[in-house]
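So the sequences go chain by chain: A and B.
For our numbering, count along the first sequence from 1 and bump the result up by 12.
For our numbering, count along the second sequence from 1 and bump the result up by 93.
To start, the structure under review is shown below, and the notes come after it.
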Amino acid sequence: MTSSLVQSVDWLTIAPPTLTAVVALAVLVADLFVPQERKQILGWTAVGGLAAALALLLPLRAGDRSTFCLTAKAQAEGHADACSYTADHFTLVIQALVLAGALLTALLSLSETRERLPAGEYWFLLLSSAAGAALLPASRDLATLVVALEVASLPAFALVGLKRGDRMSGEAALKFFLSSVTATAVTLLGVSFVYAATGTLHLTEIAQRLDDVPGQLQTLAEAGVALTLVGFAFKTAAVPFHFWVPDTYVGAPLPVAAYLSVVGKAVGFTGLILVTVVAFPSYADVWGPALAVLAALTMTAGNVAALRQVSTRAWSAVRLLAWSSVAQAGYLLVPIAAAAYSGDDQIGATVAYAVMYAVVNLGAFAVVALVARTHPENRIADYRGLYAASPAAALALGFFLLNLAGLPPGIIGLFAKVTVFSAAVDAGLGWLAVIMGVNVVIALYYYLRWTALLFRAPEGAPVPHKAPAPVTLAIVLTAVAGVVLSGYPQFALRFATDSLF
Amino acid sequence: MIDISESVMQFLLVLIVAGPLLGAVAALLPAPPGLKGKSPDQAVLRHGVTVTGVILLAALVLALGFDHDQPSKMQATTDISWIRALDVRIHLGVDGISLPLLVLTALLTFLCALYSYFKLPAGGSPKAFVALLLVLESGTLATFAVLDLVLFFLAFETVLIPMYFLIARWGGEGRQAAAWKFILYTLLGSVVMLLGLLLIGVKAGTFDMVALATDNGRGLTTAVQVIAVLAIGLGLAVKTPMWPLHSWLPDAHTAAPTVGSVLLAGVLLKMGTYGFVRIVLPIAPEGMQTLAPYLAAFAVAGIIYGSLACLALARPGNKGDLKRLIAYSSVGHMGFVLLGIATMTPTGVNGALFANIAHGLVTGLLFFLVGAVKDRYGTADLDTLAGATGAALYGRAPRLGALLAFAAVASLGLPGLAGFWGEMLALFGAFDPAEGLSRPAFLTFMAIGAFGTLLTAAYLLVVVRRVCMGGPRPAGETAIADVQGYEFAAWTPLVALTVLAGLWPAVLLGLTDPAVQQLLAGGPR
Numbered sequence: 013m014t015s016s017l018v019q020s021v022d023w024l025t026i027a028p029p030t031l032t033a034v035v036a037l038a039v040l041v042a043d044l045f046v047p048q049e050r051k052q053i054l055g056w057t058a059v060g061g062l063a064a065a066l067a068l069l070l071p072l073r074a075g076d077r078s079t080f081c082l083t084a085k086a087q088a089e090g091h092a093d094a095c096s097y098t099a100d101h102f103t104l105v106i107q108a109l110v111l112a113g114a115l116l117t118a119l120l121s122l123s124e125t126r127e128r129l130p131a132g133e134y135w136f137l138l139l140s141s142a143a144g145a146a147l148l149p150a151s152r153d154l155a156t157l158v159v160a161l162e163v164a165s166l167p168a169f170a171l172v173g174l175k176r177g178d179r180m181s182g183e184a185a186l187k188f189f190l191s192s193v194t195a196t197a198v199t200l201l202g203v204s205f206v207y208a209a210t211g212t213l214h215l216t217e218i219a220q221r222l223d224d225v226p227g228q229l230q231t232l233a234e235a236g237v238a239l240t241l242v243g244f245a246f247k248t249a250a251v252p253f254h255f256w257v258p259d260t261y262v263g264a265p266l267p268v269a270a271y272l273s274v275v276g277k278a279v280g281f282t283g284l285i286l287v288t289v290v291a292f293p294s295y296a297d298v299w300g301p302a303l304a305v306l307a308a309l310t311m312t313a314g315n316v317a318a319l320r321q322v323s324t325r326a327w328s329a330v331r332l333l334a335w336s337s338v339a340q341a342g343y344l345l346v347p348i349a350a351a352a353y354s355g356d357d358q359i360g361a362t363v364a365y366a367v368m369y370a371v372v373n374l375g376a377f378a379v380v381a382l383v384a385r386t387h388p389e390n391r392i393a394d395y396r397g398l399y400a401a402s403p404a405a406a407l408a409l410g411f412f413l414l415n416l417a418g419l420p421p422g423i424i425g426l427f428a429k430v431t432v433f434s435a436a437v438d439a440g441l442g443w444l445a446v447i448m449g450v451n452v453v454i455a456l457y458y459y460l461r462w463t464a465l466l467f468r469a470p471e472g473a474p475v476p477h478k479a480p481a482p483v484t485l486a487i488v489l490t491a492v493a494g495v496v497l498s499g500y501p502q503f504a505l506r507f508a509t510d511s512l513f
Numbered sequence: 094m095i096d097i098s099e100s101v102m103q104f105l106l107v108l109i110v111a112g113p114l115l116g117a118v119a120a121l122l123p124a125p126p127g128l129k130g131k132s133p134d135q136a137v138l139r140h141g142v143t144v145t146g147v148i149l150l151a152a153l154v155l156a157l158g159f160d161h162d163q164p165s166k167m168q169a170t171t172d173i174s175w176i177r178a179l180d181v182r183i184h185l186g187v188d189g190i191s192l193p194l195l196v197l198t199a200l201l202t203f204l205c206a207l208y209s210y211f212k213l214p215a216g217g218s219p220k221a222f223v224a225l226l227l228v229l230e231s232g233t234l235a236t237f238a239v240l241d242l243v244l245f246f247l248a249f250e251t252v253l254i255p256m257y258f259l260i261a262r263w264g265g266e267g268r269q270a271a272a273w274k275f276i277l278y279t280l281l282g283s284v285v286m287l288l289g290l291l292l293i294g295v296k297a298g299t300f301d302m303v304a305l306a307t308d309n310g311r312g313l314t315t316a317v318q319v320i321a322v323l324a325i326g327l328g329l330a331v332k333t334p335m336w337p338l339h340s341w342l343p344d345a346h347t348a349a350p351t352v353g354s355v356l357l358a359g360v361l362l363k364m365g366t367y368g369f370v371r372i373v374l375p376i377a378p379e380g381m382q383t384l385a386p387y388l389a390a391f392a393v394a395g396i397i398y399g400s401l402a403c404l405a406l407a408r409p410g411n412k413g414d415l416k417r418l419i420a421y422s423s424v425g426h427m428g429f430v431l432l433g434i435a436t437m438t439p440t441g442v443n444g445a446l447f448a449n450i451a452h453g454l455v456t457g458l459l460f461f462l463v464g465a466v467k468d469r470y471g472t473a474d475l476d477t478l479a480g481a482t483g484a485a486l487y488g489r490a491p492r493l494g495a496l497l498a499f500a501a502v503a504s505l506g507l508p509g510l511a512g513f514w515g516e517m518l519a520l521f522g523a524f525d526p527a528e529g530l531s532r533p534a535f536l537t538f539m540a541i542g543a544f545g546t547l548l549t550a551a552y553l554l555v556v557v558r559r560v561c562m563g564g565p566r567p568a569g570e571t572a573i574a575d576v577q578g579y580e581f582a583a584w585t586p587l588v589a590l591t592v593l594a595g596l597w598p599a600v601l602l603g604l605t606d607p608a609v610q611q612l613l614a615g616g617p618r
């Protein structure tokens, strides 16, 4: 009798996020004992921990494990067979994306922590945030989801503000914190409404019970659904919750900006997918059109703002990437909106697009981090003649930017866009596809303008950029991944057809 | 003509598509020992000539091995799965429609590489130039060889970036703006085209062109077909270009370097019309039938508009640029091609395909010649060239003048030269359009188009008079060089083929006709 009250825990299933969290704590404690000149060891520990967490995904690849399930006793009391933590294919892909993104961020940070950032705190915060981000795709109840979201976000605020003695960094952190906390509060309110209306927190159970909510609770349930979505829309930086993005990215240390643009975004759209497709399918007629409009607005706002960046302004490179990431979030939302019209399978297009975006955006940030070493102002104009100074870096950046634009030679970028377009067409969202098409053209203008600048004749003698080994490694890893995916897009696009849940 | 085993043919076609890409990568790497040449620049330019030469050779062998008794059959086919998720297959093949275009592309690119070896336009490094030229070649050849809609789109997009850089880096005055106009316009068109292609793919359940063409639109409702043709046609019409979507073309041509103009006019524009014949006609015939009269109307508007623009540019005092003038004449010529396609008859479509090839040869030659004139005088401005009485090329550089006059009369459609047959067949097709199309409308289009040929003759003769003829030049003017050896080498094949196609049109029509018949009746086998 007593045994059935206790949930059995499958430790292997929860190993990837758990290991990340454990390494985070270990690094924090070790920081107290490691002498100043050997702090580098903390960084390598973090990198090793993330790599190990990635490796731990391998035994789970069958995608059929769950844990923290409701006990037999609870099921006897009328609950469905629901679990709080599920490691299905969707979870595994996102976990791999998030952990690999954190790993690349860690590589980019290695030299930064030596020079400018407090090592112990930095690694602890980064790993904690990564642990939260890895937990989030696996969570299948609203409480775990919100906790994971907060675990991923709270350390991120501190990471943004970590540049010592930099006023902008503190301001960026505060902006990020205030707008994010508001959104979280709204989400929590929404979650409580949904709980009140349905009496359960498990996503699959909510899906069943939302169908027959008693009449007087109908409004409550609808308000709950709407409010819950708002919080996740904020995380993906969808319009109108996108204003924090450029200032936050510019104020944050560069690797953190890269982290936010990929992992932060992954957290947002994963949560959005889970609540929309898994928990609220019966409200598809509400969130479907809303997300479609949101996607159109987000990509347009992001692209128009990116278009208006002046290349000689300080930090314009990061600003442009920030706005472009807003626009890319718009593309990521399209298949989720399409899922409302024609079924879950469309979600795969978002996942495939996210894989492509993660690889090339991190790559672009890696090259930006490299250039930032000699040009701390990081203006786009500083990239003029990069090809003459360091041809490999220039070719890599050109390749990443064209992937983001979606034109050959960025073949994987092109096919990721084709997948998203195809999802929209399949769902009958022709108007959204046309708006996205116009946006692709707008985006090409600023991506190609930057690319063309790389190959112009430099002003004055070119100064070769001395690349630290970890940054080089990050660029090489992302470039190789991009090229392999371009040659065999099936690696990324297979998610677009397989049923992930 | 000669018997080549199927696997060799397959290999040749794959080589034609993939070879230039590998060559582009190799061009960026340092030259291996033994191939270093006199200088790195010379070595990489020679590399360009070698690679394009090999590709041309492969295309010629492919043409020889092609079974000319069955031009409607897809030959040298390769069909392997590439991206299962999107159901995209690497499906390659040639038939009588694509074979001439493949050979034309390989030939023109080779001639451009040869020309650049001796006369590289000022701008960036030769290394980048050769790499971009080869990527461009790969993209265009792939467009004509692929049989999968998504792959077609990929190939269609591949040419954008290299062409953008060719114009923006090696171009003349106003090159930045022209390059932007080119790429943004074309991309907007091709994104819309992608939506149409996806619509077909989603509704019909396959992206395979052969399967779709065999279906002949039976799996698609009329509404879907109309929307798809509208979307795809818009993208192709921008590329072709069809009036009123042509405005990127004159700027791009004026600013582009000589080889850029030659390839743009000779090959890139054909991608648009080829798409109409290969995709729109067989896959969505009902949609095409609905929209064909509009296409034909725009086509004849383009014929008249292009000719009038040229007449205006050719008049003294209007500061007309010769390159710009030829660009506008392309709008007119492509109007004939579109008119032929819009008739949806074997006659018209054959005429369109013939005019396609003829335009590639003749306009390619014209751009080469005008580029040579511009190099010698430092300007292509007609008023500056002609001065008070005329540029008198006949007297100053007789061979150049004669070639220019030859190209001009070929372009105006003199019987016996390549330009004649295509336009005549296109008009002939409009005389008796396919069943279901309004005959009176098409008769009107035919009359307007025929009037356009008169206008074309008018402006080209004005150009010949102002450039080739003229009074004695003022004393002390520097002499200009006549045609050089390398220029002869680059131009002679075009001249010879123009005469050959004019005197013996059956060479081409024998290839295209069976394929077109098959296509209109229900796709290639």
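Glycine included, every Cβ here is placed at the ideal spot set by N, Cα and C.
For the pair Glu99 (chain B) and Asp301 (chain B), the Cα-to-Cα distance works out to about 21 Å.
Within 9 Å of the CB of Thr299 (chain B), no CB atom of chain A is found; the nearest one sits about 13 Å away. Sequence-distant Cβ neighbours of Ala170 (chain A) in its own chain, meaning closer than 6 Å and more than five residues away, are Leu137.
When secondary structure is reduced to three states using DSSP, Ser191 (chain B) falls in the helix class. Using a CB distance cut-off of 8 Å, Leu536 (chain B) does not count as an interface residue toward chain A. Cβ contact annotation for Ala65 (chain A) (same chain, cutoff 6 Å, sequence separation greater than five): Pro28, Leu31, Thr32 and Leu111, in chain order. Residue-level contact check: Thr436 (chain B) does not touch chain A, since none of the beta carbons of chain A fall below 8 Å from its beta carbon. Counting only the Cα atoms, Leu444 (chain A) lies some 7 Å from Ala436 (chain A).
Contact check for Ala406 (chain A) against Thr310 (chain A) fails: the beta carbons are separated by 8 Å or more. Thr117 (chain A): not part of any beta strand (DSSP E); member of the alpha helix (DSSP H) spanning His101 to Glu127, first to last residue.
Rounded to whole angstroms, the gap between the alpha carbons of Pro508 (chain B) and Leu108 (chain B) is 37 Å.
With respect to the C-alpha of Val137 (chain B), the residue from B:Leu226, B:Ser191 and B:Ile190 having the closest C-alpha is B:Leu226.
Residues of chain B with a Cβ closer than 8 Å to the Cβ of Leu414 (chain A) are, in chain order, Ile254. Burial state of Trp597 (chain B) is exposed, judged by a 10 Å Cβ sphere holding fewer than 16 other Cβ atoms.
One finds Leu419, Pro420 and Leu426 in chain A with Cβ atoms closer than 7 Å to the Cβ of Glu250 (chain B), taken in chain order. The C-beta distance from Lys175 (chain A) to Arg128 (chain A) rounds to 7 Å, short enough to fall under 8 Å. Annotated three-state conformation of Val181 (chain B) is strand, per DSSP.
Within the region 488-506 of chain A, those residues whose Cβ lies closer than 7 Å to any Cβ of chain B are, in chain order, Pro501, Gln502, Leu505 and Arg506.
Around the C-beta of Lys363 (chain B), 16 or more other C-beta atoms lie within 10 Å, and the residue is accordingly described as buried.
Taking 8 Å as the cut-off between beta carbons, the residues of the region 431-457 of chain A near chain B are Thr431, Phe433, Ser434, Val437, Asp438, Gly442, Ala445, Val446, Gly449, Val450, Val452, Val453, Leu456 and Tyr457, in sequence order.
Nearest in C-alpha terms to Gly113 (chain A), of all of A:Val34, A:Leu139 and A:Leu497, is A:Leu139. Within chain B, the residues placing a beta-carbon under 7 Å from that of Thr509 (chain A) are Ala178, ordered along the chain. Annotation: the continuous beta strand (DSSP E) that includes Ala169 (chain B) extends over Gln168 to Ile176. Judged by DSSP secondary structure, Thr299 (chain B) falls outside any alpha helix (DSSP H); it is assigned neither H nor E.
Look at Phe524 (chain B) here: in three-state DSSP terms it is helix. For Ala261 (chain B), the C-beta contacts it makes with chain A under 7 Å involve Ala464, in order along the chain. Residue range Arg77 to Cys81 is occupied by the beta strand (DSSP E) that includes Ser78 (chain A). The alpha-carbon separation between Thr194 (chain A) and Leu292 (chain B) amounts to approximately 42 Å. In this structure, DSSP gives His214 (chain A) an extended state, which the three-state scheme calls strand. In terms of Cα proximity to Val187 (chain B), the closest of B:Val110, B:Ala465, B:Phe258 and B:Leu462 is B:Val110. DSSP, read as helix, strand or coil, puts Tyr97 (chain A) in strand. When the five nearest sequence neighbours on each side are left out, the beta carbons in the same chain lying within less than 8 Å of the beta carbon of Gly112 (chain B) are those of Val144, Val147, Ile148, Ala151 and Ser231, in order along the chain. Val239 (chain B) is bridged by DSSP to B:Leu185.
Between Ala519 (chain B) and Thr591 (chain B), the C-beta spacing is not below 8 Å. Ile173 (chain B) sits exposed, since fewer than 16 C-beta atoms from the chains shown fall within 10 Å of its C-beta.
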